[in-house]
Structure formats: structure tokens, C-alpha cells
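Heads up, the thing below is written out as C-alpha cells.
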Amino acid sequence: MKKILFSILCISQAVFLFGQNLLVEAKPGAGLSFIPDFTFKGSSLAAWNSIGDASWLAENDEITGSATSNSATGWLILNRSFQDVIFNTQFKITGNSEAGVLLRAQKNSEGIKGILVSVKEDGSASVYRITLDLKGKELKRERLRPASGSAVRFAAPLPVIANRGTGNGNAPAIQAKEAAPVQRPQTAYRPGEWNQLEAVLDVNIIRAYFNDTNGPNGVTDSTGNYGPIALYIGGSGEVHFKDLKYKDYAIKYTPKEQTSSRFRIQQLSDMYYSWSSAAADFNKDGIMDVVAGQNIYYGPDYTKSTEIFWRDTYSPTHEYTEINCQYTCDFNGDGWPDIFVVCFRAAPFGRLYINPRGESRRWDMYSVIPDNINSEITDFRDVDGDGNPDLIYGTSAGGGVLKYAKFNPADPTKLWTIHTVSAPGFYSAHGIGAGDINGDGRMDILNPNGWWEQPAKGKADSTWIFHSEAFTRSSHRAGGFGGSLMAIYDVNGD
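When the letters of the sequence shown are read in order and numbered with my numbering, they come out as residues 25 to 518.
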């Protein structure tokens, strides 16, 4: 068989993946996630003041703190104050020292209070609320309680609950029989070498990242509401800082929206209901309409809408929508386009809405997928060539597998037939696609871990042949990887 080389196009989605590198070892400093207001250059410390028993020197864009005793505590304090701030630097520890950055270093009647991100010579790191006297002597240090979630700016006060458990409630992950090709980057602390620290302090949550991967986080409560940045050295050696950058995170920038003169932009709704949309002539007036979430917006002006089901709006600050993908098709063959909705957050996960054929009412819903659908991305393609689209999805059921679901055109409202594509362990929340990769005329399925070759007719119920291939790069700071829809196309025409 002639080998056909295809390119895989991955349309990435915003999943808060910061500072990614290609599949190589991470390098300190590669994880900058902001445009800095200031980068330290030169050999002057005129904008800084020191307290404590350490000496500080700036030379060739590098700041060095040196202990003046075997148990030094030294601070180099910037002459600018912030409430919300992002700080990034490379640092190197020599000798028996502790390095860190103090944020919101606020003076009060007790001395100076602030939030300390600390790392020791062995790479152990944590975040603390700390109290100093006015000469820089440490009086008190308390580890912050952890902040939950990755998309949260504010943590509510901790309720008083007796006999609180210590576990995190997560079940152990089921591993694939063979190693997945997408591996986490090497971001371990390098003793005696340059490492990277980034600290993000926003509202009452501090998040630290070391070598562009997740580090400690914590809830600041009310400690240190506003104050300067301070570099820290503790112990008996030296701490070096370079590529030091910071940004006032209280100032947000929204670029002016611009649209090409060849296009017209129209906002259908200012509410948050869905991640997806689809288009069809739902009222059969000869003009395309748009469905987004529970609403159909009717052409040609798209200012009139009706609900196919009832749903409250979601908060874009801290809520995921229930609706991640939507597709349209005349499932029952009556000439009116119906709507299929994928909901990865709540059952029923696969919902078929049948068009009421012009009746002014909400549409009847049928739960047709018996599985839970955990992939945020699904695809809707004719997998087996029978002329009807099939739902391709990932599920944690069965140990984390890829599947596709077929409907019966004679009665699409009944449960769809499920076919398993992959062995356990290769499910991915982000990134999925389909196309004829090997040129045998059959649709293959892929995700970030590789692609699955569709077997010949009559063997469709067996697990497909897996071809391991890293079609993505692993993120550093986020737990997942992958993108959105993965498309197969012969770009170079060979």
C-alpha cells in the first residue's frame, strides 16, 4: 500500500496552558506568562532598601544576597507597592540557604506582614504568612491553607467542620498497558543551578510555579493587603536572582475590538450558556439559523430567539457550562433538523432534541448515550461509512477509553449502540478527531496520544489497532494536554 503522509491540524482551545515547550526538557525562565511592567537591568539598587543581616549587590543584571552570619535573615525591599502582582525570576541557591520573595510586605503595629514564597536548597517550597520586626527579624511564620481549583481568584473563608478528612477524594488513575507517548516535561528543581520562580498573587490566592510547573499555593486571608515586593535570603550562603520581572496585576488591559471591513460582527447574546454552536434551517424558511446553548437565533437578522430547553445562565468567573458540544442533523428523517447536545458535566451526557416542526414550544429531549462523556471535545463524523454521522467521544468508564456511538435511523430516540475503539488508559479530555490516515478508505480516530486504525468490515466490534504518536506537547502548569478538534488533511498533496 502506498504510504500517504498526512498532516494533523490541531485547533487548540484556551485551557489555561501556560509556558509550554516542545517535547524537550524544560529550561528555567521559559514559563513567563505575562508582559512585564519592569525587568531589572544594570548594577544599581537605588530603587531598593535592605533590612536584616545580609548584604546585597547588583551587577550585570543580577542581584546577589549574601548572608553575614550562619543564620542570616535578609530582605531587599522594592520602593513600589502592589496589592495584586505577578513576579518572575530565575534564582540560584549556594550554600545552606533559603530563597524567596515576599509580597504585600505591609507595615503595621506589629512590624511587617506579608506573603512569603519560599524555596530551600533541596528544592522544597511552600507559601507562608509571615511577620517581621522593623529590622527584618522573623517573628512568626504560618503555612497557608491550600487554595482549590485552577480558575479561582477568591477563596471563601474555611468553614469549621469537625473531623475533617485529609484525603483529596480522587480515585487512583488507571494506567494504560503501554506508556502514553505524551510525557510530562522534566521540571525538577536543580540544586546549585538556575531555577525559575513565578508567583501570582490575585485577590486572596497566591500561586507559585517552579521551573514552569505547578508549585505551592495558598489562601492569604487578610494578611498583608498592600505592600512592596522583597527578595529574601535565609541561612548561611548566597542567593542569586536574574531576569527579575514584575507586573502590577491590578491593572487589566482589554485591547480595542477590531473587525475586518469585509466582515460584520454580531453578538447573539451577552450571556454565558455554552461552549459550542451549530447552524441549520430549523424553521424551514430557507434561511440558516444558529443554535448556541439552549437558544435558537433565527435569520436573517438573528435578533429573535426561542428556547429548545430551559437553562439558567452560568457565571464565567467560576462555573463551567454544562454544554460543551452541539451538532445538528435530521436524525429521524422527517425533513426537520434536530439537535444533539453533549454535556460533559452532568447526566444525561448525550441529549437528543427532536424538532417540533414549527410548534411554538420547547423541544422533547431523549437521553441516548448510556455512558458518561468526559471528553470536553467530541467529534460527529460518519465512522463506518453508512451515511449517518456518529458521535466520537472519550469516557472514564471502563478505565478511560475512546468510543463512538451510532443511532438507529428508524428510531434515533432509543439508546445508541456503543463501540469501543481503544484499550483502557488512553482517554484524553482535550483533542479528538477522525479521518482516513493510512489511505485504506476507512475512517480512523485519533487523540493526542496517537491514532487508532479502523479494522476491516466485520471486525468493527474489536479494539482498533493503536499507533502511538505524540500529536501534542504536554503542558507544564496544567494537568492535561491536547487541544480542540483534530483535523486530518493532506496538506502537501503527496
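Ideal Cβ positions, reconstructed from N, Cα and C, are used throughout, including at glycine.
Just so you know, these numbers come straight off a predicted model, no measurement behind them.
Backbone secondary structure at residue i - three-state DSSP
i	result
A254	strand
I397	coil
H342	coil
F234	strand
C367	coil
D403	strand
P472	coil
Y351	strand
Q130	strand
W218	coil
K266	strand
A458	strand
V515	coil
F505	strand
I75	strand
G261	coil
A447	coil
K116	strand
L163	strand
S498	strand
N94	coil
I357	The displayed chain sequence assigns Gly, not Ile, to residue 357. Of the three classes helix, strand and coil, the one that applies to G357 here is coil, per DSSP.
C372	The residue you asked about is not Cys; residue 372 is Pro in the sequence shown. Coil.
E493	coil
V227	coil
N241	strand
T88	strand
L69	coil
F111	strand
W334	coil
Identified DSSP bridge partners for residue i
i	result
V417	In the sequence as displayed, the identity of residue 417 is Tyr instead of Val. Per DSSP, K427.
V125	V141 and L255
M389	Y377
W99	I75 and Y256
Y322	K328
F58	In DSSP, F58 forms no bridge with anything.
R153	I139 and E166
Short Cβ contact (7 Å threshold) for residue i with residue j
i	j	result
M312	V407	no
W72	L102	yes
T211	T244	no
G439	P394	The question names Gly, but residue 439 is Leu in the sequence shown. Closer than 7 Å, so yes.
Y256	W476	no
N471	G459	no
P448	G418	no
G506	S452	yes
A434	L415	no
P413	C349	no
H82	A96	Residue identity check: residue 82 is Ala in the sequence provided, not His. In this structure, A96 does not lie closer than 7 Å to A82 by Cβ.
D305	F106	no
Y338	T345	yes
G474	E493	yes
Q216	A149	The question names Gln, but residue 216 is Gly in the sequence shown. Taking 7 Å as the Cβ cut-off, G216 and A149 do not qualify as a contacting pair.
F111	Y233	no
Residue i, buried or exposed, once every other Cβ within 10 Å from all chains shown has been counted against 16
i	result
W334	exposed
G310	exposed
S391	exposed
D362	buried
V515	exposed
L156	buried
V48	Interpretation of V48 is limited by its pLDDT of 40, a score under 50 that renders its predicted location unreliable; no figure is taken from the coordinates.
L158	exposed
Y277	exposed
H443	buried
D403	buried
E222	buried
G84	According to the sequence displayed, residue 84 carries Asn and not Gly. The residue in question, N84, is exposed, as its Cβ has fewer than 16 Cβ neighbours within 10 Å.
P181	exposed
P380	exposed
T63	exposed
E400	buried
L163	exposed
P340	exposed
N228	buried
I275	exposed
G251	buried
Any non-hydrogen atom of the ligand NAD within 6 Å of residue i CB
i	result
A129	This structure lacks the ligand NAD; in fact it carries no ligand of any kind.
contact_flag[the region 119-126, the region 279-294] where n(CB pairs < 8 Å) is 3 or more:
Counting C-beta pairs closer than 8 Å gives fewer than three between the region 119-126 and the region 279-294, which falls short of the contact rule.
Using a Cβ distance threshold of 8 Å, determine whether the region 295-307 contacts the region 127-146, with at least three qualifying pairs required.
Taking 8 Å as the limit for Cβ pairs, the verdict is that the region 127-146 does not touch the region 295-307.
Would you check if there are 3 or more beta carbon pairs closer than 8 Å linking the region 110-117 to the region 254-270?
At 8 Å Cβ cutoff, the stretches touch.
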